[in-house]
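Chains as they are written, first to last, in the numbering used here: chain A, 5 to 297; chain B, 104 to 411; chain C, 456 to 998.
Ideal placement from N, C-alpha and C gives every residue a C-beta, glycine not left out.
Predicted model, so just to flag it, every value in this text is computed and none were measured.
As C-alpha cells, the structure follows; a few thoughts come after it.
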Amino acid sequence: MTKKSKIGGLWYEAWLRFKRNKLALVGLIMAISIIVIAIFAPLIVPYDPFEQLIWKEGKEARLAPPSLKHLMGTDIYGRDILSRIIYGARISLQIGIFASIVSLIIGVPLGAMAGYIGGVVDDLISWLINVVFAFPFLLFVLAVIAVFQSPSLRIVYIAIGLVNWVGIARVVRAQFMSLRDREFVEAAKALGLPRRKIIFKHILPNAIAPVIVQATLGMGGIIMTEAGLAFLGFGAQPPTPSWGLMISEGQKYLSIGKWWWAIFPGLAIMYTVLAFNFLGDGLRDALDVRLKR
Amino acid sequence: MFSYIVRKLLYAVPVIWGVVTIVFILMAIVPGDPARLMMGQRGDPETLARIRADLGLDLPIHKQYVRFLKDLVKGDLGISYRNNEKVVDALLTRFKATLKLAFWAMVLASVLGILAGIVSAVKQYSIFDYSAMFIAISGISAPVFWVGLLLLLIFAYTLHLIPGVGYVPGDWRYYVLPVITLGVRPAALIARLTRSCMLEVLTQDYIRTARAKGLHERIVVMRHALKNALIPVVTIVGTQVAELLSGAVLTETIFAWPGVGRLAVEALIARDFPMIRGTVIFMAIIFLVANLIVDISYGFIDPRIRYD
Amino acid sequence: MRKLFGLFLVLAVCLPMVFGVHQAMSQEPKYGGVLRWREVSDPPKLDPAMSTDTTSSRNVYLMFDMLVENDPDGKSIVPRLAESWEAGHDGKSWTFHLRKGVKFHKEALGKPTENGGREVKAQDWKYSFERLIKINSPRAYFIDMVKGYQDFVDGKADEWVGIKVVDDYTLQFELDYPFSPFLSVLAYNTFVVVPKEDAEKWGKEFNFHPVGTGAFILERWDHDQRLVYKKNPDYWKKDKEGRQLPYLDSVEILIIPDNTIAYEEFKKGNIDVLPAPPDEYYEEIKATYSHMLQERPELGTYYYGFNNSKPPFKDNLKLRQAFNYAVDREAINELVIHGRYYPAKGVLPPGMPGYNPDLKGYEYNPEKAKQLLAESGYPDGITVDFNVNNDPRHTLISEAIQAQLKDLGININIKVLDWGVHLDLCERGETEMFRMGWVADYADPDNFLYVLLHSSNHGSRGNYSFYSNPKVDELLATARVETDWDERMKLYQEAEQMIVDDAPWLFLFHYTTSLLAQERLKNVHLPAFGDYSTPLDTVWIEE
Numbered sequence: 005m006t007k008k009s010k011i012g013g014l015w016y017e018a019w020l021r022f023k024r025n026k027l028a029l030v031g032l033i034m035a036i037s038i039i040v041i042a043i044f045a046p047l048i049v050p051y052d053p054f055e056q057l058i059w060k061e062g063k064e065a066r067l068a069p070p071s072l073k074h075l076m077g078t079d080i081y082g083r084d085i086l087s088r089i090i091y092g093a094r095i096s097l098q099i100g101i102f103a104s105i106v107s108l109i110i111g112v113p114l115g116a117m118a119g120y121i122g123g124v125v126d127d128l129i130s131w132l133i134n135v136v137f138a139f140p141f142l143l144f145v146l147a148v149i150a151v152f153q154s155p156s157l158r159i160v161y162i163a164i165g166l167v168n169w170v171g172i173a174r175v176v177r178a179q180f181m182s183l184r185d186r187e188f189v190e191a192a193k194a195l196g197l198p199r200r201k202i203i204f205k206h207i208l209p210n211a212i213a214p215v216i217v218q219a220t221l222g223m224g225g226i227i228m229t230e231a232g233l234a235f236l237g238f239g240a241q242p243p244t245p246s247w248g249l250m251i252s253e254g255q256k257y258l259s260i261g262k263w264w265w266a267i268f269p270g271l272a273i274m275y276t277v278l279a280f281n282f283l284g285d286g287l288r289d290a291l292d293v294r295l296k297r
Numbered sequence: 104m105f106s107y108i109v110r111k112l113l114y115a116v117p118v119i120w121g122v123v124t125i126v127f128i129l130m131a132i133v134p135g136d137p138a139r140l141m142m143g144q145r146g147d148p149e150t151l152a153r154i155r156a157d158l159g160l161d162l163p164i165h166k167q168y169v170r171f172l173k174d175l176v177k178g179d180l181g182i183s184y185r186n187n188e189k190v191v192d193a194l195l196t197r198f199k200a201t202l203k204l205a206f207w208a209m210v211l212a213s214v215l216g217i218l219a220g221i222v223s224a225v226k227q228y229s230i231f232d233y234s235a236m237f238i239a240i241s242g243i244s245a246p247v248f249w250v251g252l253l254l255l256l257i258f259a260y261t262l263h264l265i266p267g268v269g270y271v272p273g274d275w276r277y278y279v280l281p282v283i284t285l286g287v288r289p290a291a292l293i294a295r296l297t298r299s300c301m302l303e304v305l306t307q308d309y310i311r312t313a314r315a316k317g318l319h320e321r322i323v324v325m326r327h328a329l330k331n332a333l334i335p336v337v338t339i340v341g342t343q344v345a346e347l348l349s350g351a352v353l354t355e356t357i358f359a360w361p362g363v364g365r366l367a368v369e370a371l372i373a374r375d376f377p378m379i380r381g382t383v384i385f386m387a388i389i390f391l392v393a394n395l396i397v398d399i400s401y402g403f404i405d406p407r408i409r410y411d
Numbered sequence: 456m457r458k459l460f461g462l463f464l465v466l467a468v469c470l471p472m473v474f475g476v477h478q479a480m481s482q483e484p485k486y487g488g489v490l491r492w493r494e495v496s497d498p499p500k501l502d503p504a505m506s507t508d509t510t511s512s513r514n515v516y517l518m519f520d521m522l523v524e525n526d527p528d529g530k531s532i533v534p535r536l537a538e539s540w541e542a543g544h545d546g547k548s549w550t551f552h553l554r555k556g557v558k559f560h561k562e563a564l565g566k567p568t569e570n571g572g573r574e575v576k577a578q579d580w581k582y583s584f585e586r587l588i589k590i591n592s593p594r595a596y597f598i599d600m601v602k603g604y605q606d607f608v609d610g611k612a613d614e615w616v617g618i619k620v621v622d623d624y625t626l627q628f629e630l631d632y633p634f635s636p637f638l639s640v641l642a643y644n645t646f647v648v649v650p651k652e653d654a655e656k657w658g659k660e661f662n663f664h665p666v667g668t669g670a671f672i673l674e675r676w677d678h679d680q681r682l683v684y685k686k687n688p689d690y691w692k693k694d695k696e697g698r699q700l701p702y703l704d705s706v707e708i709l710i711i712p713d714n715t716i717a718y719e720e721f722k723k724g725n726i727d728v729l730p731a732p733p734d735e736y737y738e739e740i741k742a743t744y745s746h747m748l749q750e751r752p753e754l755g756t757y758y759y760g761f762n763n764s765k766p767p768f769k770d771n772l773k774l775r776q777a778f779n780y781a782v783d784r785e786a787i788n789e790l791v792i793h794g795r796y797y798p799a800k801g802v803l804p805p806g807m808p809g810y811n812p813d814l815k816g817y818e819y820n821p822e823k824a825k826q827l828l829a830e831s832g833y834p835d836g837i838t839v840d841f842n843v844n845n846d847p848r849h850t851l852i853s854e855a856i857q858a859q860l861k862d863l864g865i866n867i868n869i870k871v872l873d874w875g876v877h878l879d880l881c882e883r884g885e886t887e888m889f890r891m892g893w894v895a896d897y898a899d900p901d902n903f904l905y906v907l908l909h910s911s912n913h914g915s916r917g918n919y920s921f922y923s924n925p926k927v928d929e930l931l932a933t934a935r936v937e938t939d940w941d942e943r944m945k946l947y948q949e950a951e952q953m954i955v956d957d958a959p960w961l962f963l964f965h966y967t968t969s970l971l972a973q974e975r976l977k978n979v980h981l982p983a984f985g986d987y988s989t990p991l992d993t994v995w996i997e998e
C-alpha cells in the first residue's frame, strides 16, 4: 500500500467516524448555518441594520420590545436588533477566521521548529511560549491594541492572533516531537531526502489533524475574546454590529427591564461558539483515534 | 521530588523575566503619557516636563529598565501614578477580593462538576447524562460577561433577590452572582473531564475483576475509578485556578468587584505604569505558582509518575 | 371695657399668626444628623494640590478653603478666607485681607494633627502656594503670571517673590501683567491653605492624610467603600444669625459603583444625595421625584472639533458650516440623551459671564447643509475619521450623529480610543475630527475662549482644533488685560461671534448638572460649577 492511499484511507475512516457522532454533525450543520447567514446577510435581513428609525418614527421606535414587527426588538436608535445580529455573524466569522490565520502563521512554523530541531531552538521557543502563556491574556491583547493607535477590525484580529498563537504552537511542537522519531521519518532520512521535504511532505500531513482540531476549538475562544474586547470598548467600532459591542451598549437598560438589546447577541455568540465546540470535539474524536494507530 | 521542585522554580525565573521585559517594552511603546493623564485635560508643557522628571520618565529607556529591575529584585514594585499608593499594598488588598471570588467559584465548580461528571459517567447515555453534558458545553460556550448580565437580569432586576453589583464584605448576597458567573466555565470543564475519565477507567480490566469478585458496585466506582480520574481533574482545577486568579477581568468589571483583574484594566487605561507592571508580574507569578502546585500534586496522586 | 376686650381679642388672634408666619418664614436650622452622599468611585487624590477630577474635588471642598469662592450662580466672586481685597490701579497687584481666627484641623483620621489646631496666617498661604510648585501640582501654572514663578520653578530663587506676606493677615500678589481673571482663578480648589507641619510630615502621603481648614474633618477612609467626615468644631464660619457652622454632625461619602443600587438606596432613604442621577432612571425621576431633583446648566461645553490645520477642514469654511447645519441637536438631545443637555450655538455656556443669548448660531437645515457641502467641493459626500474616547455616552451620541450625517453623504468613521490615546492624538494634531468637552476651571470667558481658541494654545495647551484667527487673538489678548468688566464682556462677545462664524467646531451641547436630594435636607443648592462643588456647610436635616 502506498503512503498516499494509506493516508487517504485514514482520512476516509475518520470521516465515517465523524458521521456517526451525532453531536459533531449537529455542530457541522450549525457552523454551516452561520456561514450561510453571514454570506447571505444582505438578502435575509428584514431591515437595514444601520438605519436608525428614531429620526423617522420618534420615541416609539426607541428600545421597542420584541414584537411581530421587530422580532428581537430595537435598540436606542431604533435599529432592528435581528438585522444587526444577522450582520454580526459576518463580523464574528471574519474575526474568527483571520485571527486563526494569524495564529497559524505564527504558531505553526514556531511550533514545528521547536519540535523538529529541538535543542536550543526548542528551549528558546518554549520559553517564549511559556512567557506569553503566563501573561494575562486579555490584558496582553488590550495592551497590543493600545499600541496601534488606530483601532479597527484588522487591529483586533492581529492583536488576538499575536497572543493566541501559543495554543497552536504547543500542539504543533508536541506533534513534531513525537513524529520525528517515527519509522517513516527514519526511513525518509535514510533515503537521504532533504529536510524540507521530510517536514512538508511527511510530517506535516500527519501533524495537521490536531492542528485542525485546535484551530476549530480556538474559533470559539477567539469569538468570545472579541466579544469581551468589544464589551470593554476595545473591539469593533460603532456602528459595526459586533455582538459583543451590542451587549455592552445594551447592558445599561437591563435594570429598567429592557433586556433584548443585551441578551439576544449573547445567545448568538453562544450558538456560534457551540457550533465550533461541537465541531471541534467531533473532529478530535474522529481524528485522534486515527492517530493512535 | 525536592530537586524537581527546585528545577521547576529555577525554570520559572527566566519566564518571569520574560514577562517583566515584555510588559516593560509594551508600556514603552504604548501611546499616552501617564504624566499627561495625571494633569487632567488641561496641560502645561513645563509642568508636564517636571512631573515626568519626577517620575523618572525622562530617563532613557534602558536606564528606566535597569532601575526597574533593581527595584523589582528588592521587592519594590513602586508607587501608583494615580494615587501614590504603594503598588504592593494595592495588589495585596485587591488580591484578597479576587481570592475570595476565585476560591468560592472553584469550590462551587469542583463540587458541581465532579458530582455531575460522576453521575453522568455512571449513568451513561441517560437523560441526566445528556442534559448535564449539554448544560456543560453550553456553559463553556457562553461568554462569561453575558452570563453575568443574564444572572443580574433575572435575580437582581426581575426577582429582586439580589440588590445589585458591588463588593460588601460580609454580605453574602453580593457574592452569589459573581461566584456563579465565574464558576460556570470551570464547572463545565470539570464535569466533562470527570465524565470522560471515569468512563475510560470504568472499562478497565481490573474494574471488571473487582466486579467479578462481587464487591458492591458503588464502592468499586468510588475507590478505583475516582482515584484515577482525579489526575486530569486536578489538572483542570489547577489551570482554572490559575486562570481565575490571574484575572477574572470581565466578571470583576460587571460586578464592580475590586479585584486584581479590574485593577489591571483601570491601570492600563490610566497608563499607571508601576501598577500595570506590578499587576502583570503578580498575575504571572500566581499563574506559575498555581501550575507548579498542580505539577507537584501529580506526584502524590499518581504513584506511577516518578520524579528524577 | 368692650373696646379693651376687642383689642385683646384682636391681639390674641393676630400675634400668634404673626409669630407663626415668622416661624414658617425663618425655619430654625437644626443641628445634627449625617448626610450620605453617593460617589461612583474612590477618589484618587485628596491632596488639593493634585486633585484634578470631580470625585476628588468633592472631597477637597469639604476639608479645605480657598481665599475666595464662586457664588452659587457662578456670576461673582465672594469672600471665603479672605474678607476683602483690593486690586492695584494698574491691575498688577492684588492685596487680600485675611479673616482672623481661622484654625487648621486639630485632628484627622482620629489622631491629633502636627499643627495642633493653630491659626492660619498669611505665611501659611505663601507656604501653600510655594508647595504647589515644589510638588509639581498640575494646576500651579494657572497662576504663572505671579511674579517670580519661573525663577522659583527653575530653582533660581528659593522663594516665590511675587507672593508677599505684608503682615500676619495681609497677603499680596504681584503679577507680571494685569490679568483680569486672577480673582476667579483663585477660587479654584487647588489654591487652598494647608498646614506646613502636616504637609511636611506626610509628604506624598498627604494624599491619604489631608488636613485643612474646612467644615469637615476626615475621620475614616475605607477605600472603595466610604469616606467618613465629622464636623469641625472650630470651623471659622457662622451663619447669618451668628450660629456655628456646620449644622451637620457628619458627612459620609458612599462609594457605590452600581447605579441601580444607588437609585434603590436613595428611594429607600438610605442615601441623602444622589448627584448626576443615571440616564436609565431619568424619566422615572422626572415623573415621580421631580420635587427632589435640581437641575441647571453647568459651566461646560461639549463639542466635536475639526482639525483646522489639515485638510479637509483647513481653509474650508463651507465644509465646516455644512457639518454645523447637518446636525439636529434638539432631536438628538431629546431622543438619545433624554433631554439632559442644552443644544449649543457657540462656545460659552449659559451662566458664564459674557454668555450671549442672541448669538447667531447654526440651526438644523439639511438643505443648506447639502448646498454648502457641494459648494465646499464635496458634492458627492466625504469620509472623515472621527476620534472619540471610550465612554458610553460619548459613543451613544456619536452613533446618532453619524447616522444624521450619513443622510447627507457624510461618512464619519468612528474610532473609539482609550482616553490616553485620544488626548495624545488630539494634542499632536493627528486627528481629522474629534470629540471634546470642556468644563470651566473658573467663571471667566477667558477660561474657554482663550484656552480653547487662541492660536498660542495650539496642541496640549487646549486649542486642539488648531484654530487661528489673528483678529480673534487680538480681541482675546486685549480682554485678558482690560480692567473694565463691561468692556471685557463686549470684547469676548465680539470674539465669540467671529469664532462661531468661522465654525472651527461642530457646536453641539452645553452640559447640565443635576442632583437628587431627599426632602428632609434643607439648603441644598446645586451650583453652576457642578454637583461636586455643592456646599454642605450650610445644609441641615429636618427630621
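Do we get a CB-CB distance below 9 Å when we pair Tyr-833(C) with the residues of chain B? As a first step, residue 833(C) must be located in the third sequence, where it is residue number 378. Chain B, which has no Cβ nearer than 9 Å to the Cβ of Tyr-833(C), makes this no.
Terminal residues of the continuous alpha helix (DSSP H) containing His-877(C)? The count along the third sequence starts at 1 and reaches residue 877(C) at position 422. Looking at the DSSP string, the run of the alpha helix (DSSP H) that includes His-877(C) is 874-882.
How far does the beta strand (DSSP E) with Trp-247(A) in it extend, from its first residue to its last? As a first step, residue 247(A) must be located in the first sequence, where it is residue number 243. Premise fails: Trp-247(A) lies in the alpha helix (DSSP H), 247-254, not in any beta strand (DSSP E).
DSSP on Ser-969(C), reduced to helix/strand/coil? Counted from its first residue, the third sequence places residue 969(C) at position 514. Strand, per DSSP.
Specify whether the region 100-117 of chain A and the region 222-236 of chain A touch according to this definition: at least 3 beta carbon pairs, one from each stretch, less than 8 Å apart. With the cut-off at 8 Å, the region 100-117 of chain A and the region 222-236 of chain A touch.
Relative to the C-alpha of Val-489(C), which residue among Ile-708(C), Glu-541(C), Asp-941(C) is closest? Looking up residue 489(C) in the third sequence gives position 34. Closest by alpha carbon: Ile-708(C).
Show which residues of chain A have a CB atom less than 7 Å away from the CB atom of Ala-717(C). Within the third sequence, residue 717(C) is the residue found at index 262, counting from 1. Simply none; closest approach about 11 Å.
Segments of 4+ residues assigned as alpha helix (DSSP H) that fall wholly inside the region 903-980 of chain C: Within the region 903-980 of chain C, complete alpha helix (DSSP H) segments of at least 4 residues are found at 925-936, 940-957, given in chain order.
Between which two residues does the beta strand (DSSP E) harbouring Leu-673(C) extend? Walking along the third sequence from the start, residue 673(C) turns up at place 218. Leu-673(C) -> beta strand (DSSP E) spans 671-677.
Can you list the residues of chain C that Ile-89(A) reaches, using a CB-CB cut of under 9 Å? On the first sequence, residue 89(A) is found 85 positions in, with the first residue counted as 1. Chain C residues near Ile-89(A): none, gap ~17 Å exceeds 9 Å.
Identified DSSP bridge partners for Leu-630(C): For the purposes of this step, residue 630(C) is taken as residue 175 along the third sequence, with counting starting at 1. Answer is Val-601(C).
Quick check on Thr-229(A): buried or exposed, where buried means 16 or more other Cβ atoms within 10 Å of its Cβ? Within the first sequence, the letter at position 225 stands for residue 229(A). Residue environment analysis places Thr-229(A) among the buried positions, since at least 16 neighbouring C-beta atoms fall within 10 angstroms of its C-beta.
From Pro-140(A) to Phe-671(C), what distance separates their C-alpha atoms? Along the first sequence, one-based indexing puts residue 140(A) at 136. Along the third sequence, one-based indexing puts residue 671(C) at 216. Computed Cα separation, rounded: 43 Å.
At which residue ranges does the region 639-700 of chain C contain complete beta strand (DSSP E) runs of 3 or more residues, listed in the order of the chain? List check, beta strand (DSSP E) in window: 671-677, 681-686.
Around the Cβ of Pro-593(C), are there at least 16 other Cβ atoms within 10 angstroms (buried) or fewer (exposed)? By 1-based counting over the third sequence, the position of residue 593(C) is 138. Burial is judged here by how many other beta carbons sit within 10 angstroms of a residue's own beta carbon; Pro-593(C) has at least 16 and is buried.
Would you mind reading off the limits of the beta strand (DSSP E) that contains Ser-539(C)? The residue labelled residue 539(C) in the question sits at position 84 within the third sequence. Bounds of the beta strand (DSSP E) holding Ser-539(C) are 537-542.
My guess is that Pro-69(A) and Gly-77(A) are in contact by the Cβ rule of under 8 Å, so how many angstroms apart are they, rounded? Indexing the first sequence from 1 puts residue 69(A) at position 65. Indexing the first sequence from 1 puts residue 77(A) at position 73. Rounded, the Cβ-Cβ distance is 5 Å, consistent with contact.
Taking its Cβ as the centre, do 16 or more other Cβ atoms sit within 10 Å of Arg-493(C), making it buried, or is it exposed? Here residue 493(C) refers to the residue found at position 38 of the third sequence. Arg-493(C) comes out buried.
Between the region 62-86 of chain A and chain C, which residues of the former have a C-beta closer than 8 Å to a C-beta of the latter? When CB distances to chain C are screened at a threshold of 8 Å, the residues of the region 62-86 of chain A falling below it are Gly-62, Lys-63, Arg-66, Ile-80, Tyr-81, in chain order.
Kindly indicate the opening and closing residues of the beta strand (DSSP E) around Leu-490(C). Position 35 of the third sequence, counted from the start, is the residue given in the question as residue 490(C). Element bounds for Leu-490(C): 489-494.
For Trp-893(C), report the span of its beta strand (DSSP E) as first-last. Within the third sequence, residue 893(C) is the residue found at index 438, counting from 1. Trp-893(C) -> beta strand (DSSP E) spans 888-894.
Quick check on DSSP: helix, strand or coil for Gly-165(A)? Numbered from 1 along the first sequence, position 161 holds the residue referred to as residue 165(A). If DSSP states are grouped into helix, strand and coil, Gly-165(A) belongs with the helices.
Span separating the alpha-carbon of Asp-136(B) from that of Glu-885(C): For the purposes of this step, residue 136(B) is identified with residue 33 of the second sequence, where counting begins at 1. For the purposes of this step, residue 885(C) is identified with residue 430 of the third sequence, where counting begins at 1. Straight-line measurement puts the Cα of Glu-885(C) at about 16 Å from the Cα of Asp-136(B).
Answer yes or no: does any C-beta atom of chain A fall closer than 9 Å to that of Arg-409(B)? Counting from one through the second sequence, the residue named residue 409(B) turns up at place 306. Residue placement at Arg-409(B) is poorly supported in this model, since its pLDDT is 49, which falls under 50; the coordinates still yield a value, given next. Chain A contact via Cβ: absent.
Suppose you measure from the CA of Tyr-690(C) to the CA of Val-533(C); what does that come to, to the nearest Å? Taking the third sequence and counting its residues from 1, the one referred to as residue 690(C) is at position 235. Taking the third sequence and counting its residues from 1, the one referred to as residue 533(C) is at position 78. Rounded to whole angstroms, Tyr-690(C) and Val-533(C) show a C-alpha spacing of 18 Å.
Would you decide whether Leu-630(C) is buried or exposed? Buried here means 16 or more other CB atoms lie within 10 Å of its CB. Sequence index remark: in the third sequence, residue 630(C) carries index 175 (1-based). Looking at its Cβ environment, which holds 16 or more other Cβ atoms inside 10 Å, Leu-630(C) is buried.
Is any beta-carbon of chain B found at less than 9 Å from that of His-678(C)? Along the third sequence, one-based indexing puts residue 678(C) at 223. Yes, because at least one Cβ of chain B sits closer than 9 Å to the Cβ of His-678(C).
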